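In my numbering, the protein residues as written are 23 to 226.
Printed below as a string of structure tokens:
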């Protein structure tokens, strides 16, 4: 059972649908992710791609993100995300789209939207991690100083650069890895002060 770890919805358990090809981010990986992001979640515009149950984006809202956009290609998952947002009382700060990841990034880019934090959790072993980060770059939906994070299998090596995005940190948790990207010309890309506009240091 997926649960919210911290914030206004702490302890709430999210609904899931058995039998679907969904691999929720493990609690220890989610906790590590938000420990690394720290205060930059507060008042952030958050994008959750391959959102599944809405686990990560709802955790971000619970911890103080200003708004969250959720993207999933499954009708059932989109309905589930909306149910979980209502369950946690966070639906007023969220939008949910049924779309594939590439199409959603293009759509959001055409709307001129920018996100402080982008999280993508594509299915493992399908070569989608690089493709999605590439579309994040081309669609220019990452705000200046923002962070794009992709969860991927440890067997997949993420490149040091994807377009204008530069890899600044990778952490491994069992079979899962989190890779953090920033704009190549970001003033904080090498790390810096913590907080909403700070960098993600290469080391803890």
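Glycine included, C-beta positions come from ideal geometry on N, C-alpha and C. Treat the numbers as computed from the prediction; the structure is a model and nothing was measured.
Item to complete: Since I believe residue 59 is in contact with residue 139 (beta carbons under 8 Å), could you give me their beta-carbon distance rounded to a whole number of angstroms?
Response: 7 Å
Worksheet item: Can you name, in chain order, every residue of its own chain whose Cβ lies under 7 Å from the Cβ of residue 137, other than the five neighbours on each side?
Response: 67, 68, 69, 163, 164, 165, 168
Worksheet item: Quick one: is residue 183 buried, meaning 16 or more other Cβ sit within 10 Å of its Cβ, or exposed?
Response: exposed
Fill in: Rounded separation between residue 154 and residue 124 - CA only
6 Å
Practice prompt. Mind checking who residue 201 pairs with in its DSSP beta bridge?
Written response: 172, 192
Fill in: Nearest residue (CA-CA) to residue 39, options 86, 54, 100, 50
100
Item to complete: Name the residue from 122, 107, 131, 201 whose alpha carbon lies nearest to the alpha carbon of residue 30.
Response: 107
Worksheet item: According to the neighbour-count rule (16 or more other Cβ atoms, all chains shown, within 10 Å of its Cβ), is residue 179 buried or exposed?
Response: exposed
Discussion item. Quick check: the stretch 88 to 98 against the stretch 143 to 157, are at least 3 beta-carbon pairs closer than 8 Å?
Written reply: no
Worksheet item: Tell me, which residues are paired with residue 140 by DSSP?
Response: 69, 170
Item to complete: Would you check if the distance between the CB atom of residue 127 and the CB atom of residue 91 is smaller than 8 Å?
Response: no
Discussion item. Can you give me the C-alpha to C-alpha distance between residue 35 and residue 25, rounded to a whole angstrom?
Written reply: 4 Å
Practice prompt. Identify every residue that forms a DSSP beta bridge with residue 183.
Written response: 188
Practice prompt. Name, in chain order, the residues that DSSP records as bridge partners for residue 130.
Written response: In the DSSP output, where bridge partners are listed per residue, residue 130 has none listed.
Fill in: Cβ-based burial, residue 197 [other Cβ within 10 Å; buried from 16]
exposed
Worksheet item: Do you know how far the Cα of residue 23 is from the Cα of residue 188?
Response: 34 Å
Discussion item. In whole angstroms, give me the CA-to-CA distance for residue 84 and residue 116.
Written reply: 12 Å
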